[in-house]
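If you want this note's numbering, it's the 1-based position in the sequence shown plus 1040.
Glycine residues also receive a C-beta, built at the ideal position from the N, C-alpha and C atoms.
As C-alpha coordinates, the structure follows; a few thoughts come after it.
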Amino acid sequence: MKTSYLSNLLKVFILLVISINLYAQPLELSSFIVSNNQKTISSKYNGYIEKLYINEGDYVKKGKLLLKIDSKEMSTLKSQTILSIAQAKLNFNIVKSDLDKATIDFDRYKRLFEKQLISKSDFEKFELKKNNLKRNLEIAKKSIKQSRDKLQEINKNLKYLNIRASSDGLIIKRYINEGELATAGAPLLTISDVDNLNLYLDVAESDLSKFRKKENLNIYIESLNINQKAKVVAILPSVDSGTNSFRVKLSFKRTDKRVLPGMYAKVRVE
(Lines of atoms letter the chains of each structure in order from A and count residues from 1; the text may use other names and numbers.)
(Lines give C-alpha, C1' and ligand atoms only; values in the text may rest on other atoms or scores of the structure.)
Protein backbone atom coordinates (compact mmCIF):
# COMPACT_ATOMS: atom_id res chain seq x y z
CA MET A 1 0.00 0.00 0.00
CA LYS A 2 2.75 2.38 0.98
CA THR A 3 4.78 1.43 -2.11
CA SER A 4 1.77 2.06 -4.36
CA TYR A 5 1.27 5.51 -2.80
CA LEU A 6 4.91 6.50 -3.36
CA SER A 7 4.78 5.21 -6.93
CA ASN A 8 1.70 7.30 -7.69
CA LEU A 9 3.30 10.36 -6.06
CA LEU A 10 6.40 9.94 -8.22
CA LYS A 11 4.24 9.70 -11.36
CA VAL A 12 2.44 12.91 -10.44
CA PHE A 13 5.76 14.69 -9.88
CA ILE A 14 7.14 13.52 -13.25
CA LEU A 15 3.97 14.61 -15.04
CA LEU A 16 4.19 17.99 -13.33
CA VAL A 17 7.81 18.52 -14.46
CA ILE A 18 6.93 17.47 -18.02
CA SER A 19 3.95 19.82 -18.00
CA ILE A 20 6.07 22.75 -16.83
CA ASN A 21 8.69 22.11 -19.52
CA LEU A 22 6.03 21.77 -22.21
CA TYR A 23 4.34 25.04 -21.38
CA ALA A 24 7.47 27.05 -20.49
CA GLN A 25 7.80 29.78 -23.11
CA PRO A 26 11.23 30.91 -24.35
CA LEU A 27 12.04 34.57 -23.72
CA GLU A 28 11.97 36.71 -26.85
CA LEU A 29 13.39 40.22 -26.78
CA SER A 30 14.24 42.75 -29.43
CA SER A 31 16.33 45.87 -29.81
CA PHE A 32 18.10 48.04 -32.34
CA ILE A 33 21.73 47.41 -33.23
CA VAL A 34 24.08 50.23 -32.20
CA SER A 35 27.72 50.94 -32.94
CA ASN A 36 30.27 50.20 -30.25
CA ASN A 37 32.08 53.43 -31.16
CA GLN A 38 30.35 56.33 -32.88
CA LYS A 39 31.91 59.77 -32.78
CA THR A 40 31.25 63.22 -34.15
CA ILE A 41 34.31 64.99 -35.56
CA SER A 42 34.78 68.73 -35.16
CA SER A 43 37.53 71.30 -35.72
CA LYS A 44 39.57 72.96 -32.99
CA TYR A 45 39.82 76.16 -35.02
CA ASN A 46 37.69 78.37 -37.24
CA GLY A 47 38.38 78.13 -40.96
CA TYR A 48 36.96 77.39 -44.39
CA ILE A 49 36.75 73.85 -45.74
CA GLU A 50 39.49 73.78 -48.36
CA LYS A 51 39.01 70.17 -49.46
CA LEU A 52 36.70 67.24 -48.66
CA TYR A 53 38.02 63.76 -49.41
CA ILE A 54 35.00 61.68 -48.39
CA ASN A 55 31.24 61.35 -48.88
CA GLU A 56 28.47 59.90 -46.77
CA GLY A 57 28.52 56.12 -47.01
CA ASP A 58 32.28 55.87 -47.49
CA TYR A 59 34.12 53.31 -45.37
CA VAL A 60 37.43 54.75 -44.14
CA LYS A 61 40.49 53.27 -42.46
CA LYS A 62 42.22 54.76 -39.43
CA GLY A 63 44.54 57.61 -40.47
CA LYS A 64 42.63 58.42 -43.67
CA LEU A 65 42.65 62.17 -44.50
CA LEU A 66 39.01 63.26 -44.32
CA LEU A 67 39.20 67.01 -44.95
CA LYS A 68 41.46 70.07 -44.94
CA ILE A 69 40.65 73.39 -43.28
CA ASP A 70 42.17 76.69 -44.37
CA SER A 71 42.49 78.82 -41.24
CA LYS A 72 43.55 82.42 -41.89
CA GLU A 73 43.69 82.88 -38.11
CA MET A 74 46.37 80.18 -37.76
CA SER A 75 48.24 81.25 -40.91
CA THR A 76 48.38 84.86 -39.68
CA LEU A 77 49.55 83.74 -36.25
CA LYS A 78 52.32 81.66 -37.83
CA SER A 79 53.49 84.58 -40.00
CA GLN A 80 53.51 86.90 -36.98
CA THR A 81 55.50 84.39 -34.94
CA ILE A 82 58.10 83.91 -37.70
CA LEU A 83 58.45 87.72 -37.83
CA SER A 84 58.82 87.80 -34.02
CA ILE A 85 61.66 85.26 -34.22
CA ALA A 86 63.45 87.37 -36.86
CA GLN A 87 63.04 90.52 -34.75
CA ALA A 88 64.22 88.71 -31.60
CA LYS A 89 67.32 87.44 -33.44
CA LEU A 90 68.08 90.94 -34.74
CA ASN A 91 67.72 92.37 -31.24
CA PHE A 92 69.97 89.61 -29.86
CA ASN A 93 72.71 90.40 -32.41
CA ILE A 94 72.53 94.15 -31.64
CA VAL A 95 72.74 93.56 -27.88
CA LYS A 96 75.57 91.04 -28.31
CA SER A 97 77.53 93.52 -30.42
CA ASP A 98 77.01 96.23 -27.78
CA LEU A 99 78.04 93.79 -25.03
CA ASP A 100 81.21 92.78 -26.88
CA LYS A 101 82.17 96.45 -27.21
CA ALA A 102 81.21 97.19 -23.58
CA THR A 103 83.32 94.24 -22.38
CA ILE A 104 86.38 95.59 -24.21
CA ASP A 105 85.75 99.07 -22.74
CA PHE A 106 85.21 97.59 -19.27
CA ASP A 107 88.49 95.66 -19.36
CA ARG A 108 90.34 98.78 -20.49
CA TYR A 109 88.79 101.01 -17.82
CA LYS A 110 89.37 98.35 -15.20
CA ARG A 111 93.10 98.52 -15.87
CA LEU A 112 92.95 102.32 -15.71
CA PHE A 113 91.05 102.15 -12.43
CA GLU A 114 93.58 99.73 -10.96
CA LYS A 115 96.29 102.28 -11.87
CA GLN A 116 94.10 104.99 -10.28
CA LEU A 117 93.94 106.87 -13.56
CA ILE A 118 90.12 107.16 -13.44
CA SER A 119 87.70 107.60 -10.55
CA LYS A 120 85.71 104.78 -9.00
CA SER A 121 82.42 106.34 -10.10
CA ASP A 122 83.58 106.40 -13.76
CA PHE A 123 84.65 102.76 -13.54
CA GLU A 124 81.32 101.74 -11.96
CA LYS A 125 79.43 103.35 -14.84
CA PHE A 126 81.15 101.02 -17.32
CA GLU A 127 80.61 98.07 -15.00
CA LEU A 128 76.90 98.88 -14.72
CA LYS A 129 76.59 99.26 -18.51
CA LYS A 130 78.22 95.87 -19.06
CA ASN A 131 75.98 94.14 -16.50
CA ASN A 132 72.84 95.72 -17.97
CA LEU A 133 73.80 94.53 -21.45
CA LYS A 134 74.41 90.98 -20.10
CA ARG A 135 70.90 90.98 -18.63
CA ASN A 136 69.47 92.31 -21.89
CA LEU A 137 71.27 89.55 -23.80
CA GLU A 138 69.65 86.89 -21.57
CA ILE A 139 66.26 88.52 -22.14
CA ALA A 140 66.88 88.46 -25.91
CA LYS A 141 67.81 84.75 -25.69
CA LYS A 142 64.60 83.97 -23.81
CA SER A 143 62.58 85.96 -26.35
CA ILE A 144 63.99 83.85 -29.21
CA LYS A 145 63.25 80.62 -27.32
CA GLN A 146 59.70 81.69 -26.47
CA SER A 147 58.98 82.60 -30.09
CA ARG A 148 60.45 79.31 -31.34
CA ASP A 149 58.41 77.34 -28.81
CA LYS A 150 55.32 79.23 -29.93
CA LEU A 151 56.07 78.41 -33.58
CA GLN A 152 56.52 74.75 -32.69
CA GLU A 153 53.13 74.77 -30.96
CA ILE A 154 51.51 76.50 -33.95
CA ASN A 155 52.96 73.90 -36.35
CA LYS A 156 51.64 71.18 -34.07
CA ASN A 157 48.18 72.77 -34.06
CA LEU A 158 48.26 73.25 -37.84
CA LYS A 159 48.16 69.45 -38.10
CA TYR A 160 44.64 69.64 -36.65
CA LEU A 161 43.59 71.46 -39.81
CA ASN A 162 44.22 68.19 -41.67
CA ILE A 163 41.51 66.07 -40.06
CA ARG A 164 42.06 62.31 -40.18
CA ALA A 165 40.01 59.30 -39.11
CA SER A 166 40.96 58.20 -35.60
CA SER A 167 39.58 54.69 -36.25
CA ASP A 168 38.08 52.52 -38.98
CA GLY A 169 34.45 53.33 -39.66
CA LEU A 170 31.61 54.39 -41.93
CA ILE A 171 30.87 58.06 -42.65
CA ILE A 172 27.19 58.21 -41.72
CA LYS A 173 26.70 61.99 -41.70
CA ARG A 174 28.41 64.99 -43.29
CA TYR A 175 27.37 68.38 -41.94
CA ILE A 176 29.42 70.70 -44.17
CA ASN A 177 30.53 71.24 -47.77
CA GLU A 178 33.68 72.56 -49.42
CA GLY A 179 34.03 76.33 -49.15
CA GLU A 180 31.82 76.60 -46.07
CA LEU A 181 33.01 77.98 -42.75
CA ALA A 182 33.88 75.44 -40.07
CA THR A 183 33.37 76.84 -36.58
CA ALA A 184 35.49 75.52 -33.72
CA GLY A 185 33.57 72.79 -31.89
CA ALA A 186 30.77 72.51 -34.47
CA PRO A 187 30.18 69.02 -35.95
CA LEU A 188 31.72 68.28 -39.34
CA LEU A 189 31.30 64.51 -39.73
CA THR A 190 29.92 61.52 -37.85
CA ILE A 191 31.87 58.29 -38.19
CA SER A 192 30.56 54.96 -36.91
CA ASP A 193 32.35 51.69 -36.19
CA VAL A 194 30.18 49.22 -38.11
CA ASP A 195 32.31 46.14 -37.43
CA ASN A 196 31.96 46.07 -33.63
CA LEU A 197 28.28 46.25 -32.69
CA ASN A 198 26.09 46.13 -29.59
CA LEU A 199 22.55 45.32 -28.53
CA TYR A 200 20.96 46.58 -25.32
CA LEU A 201 18.06 44.47 -24.03
CA ASP A 202 15.61 45.60 -21.35
CA VAL A 203 15.11 42.53 -19.15
CA ALA A 204 12.64 42.08 -16.29
CA GLU A 205 14.17 41.10 -12.97
CA SER A 206 12.26 37.80 -13.05
CA ASP A 207 14.01 36.86 -16.34
CA LEU A 208 17.49 38.00 -15.36
CA SER A 209 18.58 34.52 -14.25
CA LYS A 210 18.38 33.39 -17.89
CA PHE A 211 21.40 35.53 -18.76
CA ARG A 212 25.01 34.82 -17.83
CA LYS A 213 28.06 36.95 -18.61
CA LYS A 214 30.25 35.65 -21.47
CA GLU A 215 27.37 33.47 -22.67
CA ASN A 216 26.82 33.40 -26.44
CA LEU A 217 23.24 33.99 -27.60
CA ASN A 218 21.63 33.74 -31.00
CA ILE A 219 20.38 36.97 -32.54
CA TYR A 220 18.19 37.16 -35.62
CA ILE A 221 18.16 40.12 -38.01
CA GLU A 222 14.81 39.75 -39.73
CA SER A 223 15.30 42.24 -42.56
CA LEU A 224 18.34 40.32 -43.81
CA ASN A 225 17.25 36.86 -42.63
CA ILE A 226 20.58 36.50 -40.81
CA ASN A 227 21.42 34.60 -37.63
CA GLN A 228 24.47 35.66 -35.66
CA LYS A 229 26.10 34.94 -32.30
CA ALA A 230 26.42 37.72 -29.72
CA LYS A 231 28.12 37.60 -26.33
CA VAL A 232 26.66 38.86 -23.04
CA VAL A 233 29.27 41.37 -21.85
CA ALA A 234 27.43 43.29 -19.12
CA ILE A 235 24.30 43.24 -16.96
CA LEU A 236 23.43 46.78 -15.95
CA PRO A 237 20.81 48.33 -13.67
CA SER A 238 18.15 50.34 -15.46
CA VAL A 239 18.45 54.12 -15.44
CA ASP A 240 14.83 54.22 -14.24
CA SER A 241 14.76 52.41 -10.90
CA GLY A 242 10.95 52.35 -10.97
CA THR A 243 10.79 49.89 -13.89
CA ASN A 244 12.28 46.99 -11.90
CA SER A 245 14.22 45.99 -15.02
CA PHE A 246 17.83 45.60 -16.08
CA ARG A 247 19.80 46.24 -19.26
CA VAL A 248 21.74 43.37 -20.75
CA LYS A 249 24.49 44.39 -23.16
CA LEU A 250 25.40 42.05 -26.00
CA SER A 251 28.42 42.58 -28.25
CA PHE A 252 29.32 41.00 -31.56
CA LYS A 253 31.49 41.40 -34.64
CA ARG A 254 29.44 41.49 -37.78
CA THR A 255 29.95 38.56 -40.14
CA ASP A 256 27.91 40.06 -42.97
CA LYS A 257 28.76 43.50 -44.40
CA ARG A 258 25.05 44.24 -44.88
CA VAL A 259 24.51 44.44 -41.12
CA LEU A 260 24.46 48.07 -39.98
CA PRO A 261 23.71 50.09 -36.84
CA GLY A 262 20.01 50.94 -36.63
CA MET A 263 18.79 47.53 -37.82
CA TYR A 264 16.22 45.63 -35.77
CA ALA A 265 17.33 42.37 -34.13
CA LYS A 266 15.58 39.69 -32.08
CA VAL A 267 17.06 37.57 -29.30
CA ARG A 268 15.57 34.26 -28.20
CA VAL A 269 16.58 32.86 -24.81
CA GLU A 270 15.44 29.35 -23.92
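Contacting residues, own chain, Cβ-Cβ under 8 Å from Lys-1118 (five flanking each side not counted): Counted from its first residue, the sequence shown places residue 1118 at position 78. The answer, listed in chain order, is Leu-1191, Ile-1194, Asn-1195 and Leu-1198.
Where do the N-terminal and C-terminal ends of the alpha helix (DSSP H) with Ala-1205 fall, by residue? Translated into the one-based positions of the sequence shown, residue 1205 becomes position 165. Run containing Ala-1205: none; DSSP gives neither H nor E here.
Taking Ala-1142 as part of the alpha helix (DSSP H), name the residues at either end of that continuous run. The sequence position of residue 1142 within the sequence shown is 102, counting from 1. From DSSP, the alpha helix (DSSP H) with Ala-1142 extends over 1112-1154.
Taking the beta carbon of Ser-1249 as the centre, do at least 16 other beta carbons fall within 10 Å, making it buried, or is it exposed? Translated into the one-based positions of the sequence shown, residue 1249 becomes position 209. So Ser-1249 counts as exposed.
If Pro-1301 and Ile-1094 are in contact, beta carbons under 8 Å, what's the gap, nearest whole angstrom? Start at 1 with the first residue of the sequence shown, and residue 1301 comes out as number 261. Start at 1 with the first residue of the sequence shown, and residue 1094 comes out as number 54. The pair is not a contact, with the Cβ atoms about 18 Å apart (cut-off 8 Å).
With H, G and I counted as helix, E and B as strand and the rest as coil, what does DSSP make of Gln-1065? For this step, residue 1065 is matched to residue 25 along the sequence shown. Three-state result, Gln-1065: coil.
Give the secondary structure of Ser-1071 by DSSP, where H, G and I count as helix, E and B as strand, and everything else as coil. Reading the sequence shown from its first residue, position 31 is the one you call residue 1071. It is a strand residue.
Rounding to the nearest angstrom, what Cα-Cα distance links Leu-1305 and Ser-1070 in this structure? The count along the sequence shown starts at 1 and reaches residue 1305 at position 265. The count along the sequence shown starts at 1 and reaches residue 1070 at position 30. It should be pointed out that residue 1305 corresponds to Ala in this sequence rather than to Leu. Cα-Cα distance, rounded: 6 Å.
Where Ser-1263 falls, given that 16 or more other Cβ within 10 Å makes a residue buried: Here the question's residue 1263 lines up with position 223 in the sequence shown. With fewer than 16 other Cβ atoms within 10 Å, it is exposed.
Taking the CB atoms as reference points, tell me whether Ser-1083 and Leu-1228 lie closer together than 9 Å. If you number the sequence shown from 1, residue 1083 lands on position 43. If you number the sequence shown from 1, residue 1228 lands on position 188. The answer is yes: Cβ separation under 9 Å.
On the DSSP bridge assignment, give the partners of Asn-1265 in chain order. Within the sequence shown, numbered from 1, the residue matching residue 1265 stands at position 225. Note: Asn-1265 sits in no beta bridge, so no partner.
Rounded to whole angstroms, what's the CA-CA distance from Tyr-1200 to Ala-1126? Just pull it up for me. As a first step, residue 1200 must be located in the sequence shown, where it is residue number 160. As a first step, residue 1126 must be located in the sequence shown, where it is residue number 86. Between Tyr-1200 and Ala-1126, the C-alpha separation is close to 26 Å.
Alpha helix (DSSP H) containing Phe-1163: first to last residue? If you number the sequence shown from 1, residue 1163 lands on position 123. 1160-1198 is the span of the alpha helix (DSSP H), which, as asked, contains Phe-1163.
Can you tell me whether Thr-1121 is buried or exposed? The criterion is at least 16 other CB atoms within 10 Å of its CB, across all chains shown. As a first step, residue 1121 must be located in the sequence shown, where it is residue number 81. By the 10 Å Cβ count, Thr-1121 comes out buried.
Using a threshold of 9 Å, state whether the C-beta atoms of Gln-1268 and Phe-1286 are closer than that. Mapped onto the sequence shown, residue 1268 falls at position 228. Mapped onto the sequence shown, residue 1286 falls at position 246. Contact flag unset, no.
Are there three or more Cβ pairs, one per stretch, closer than 8 Å when the segment 1106-1117 is compared with the segment 1203-1211? yes
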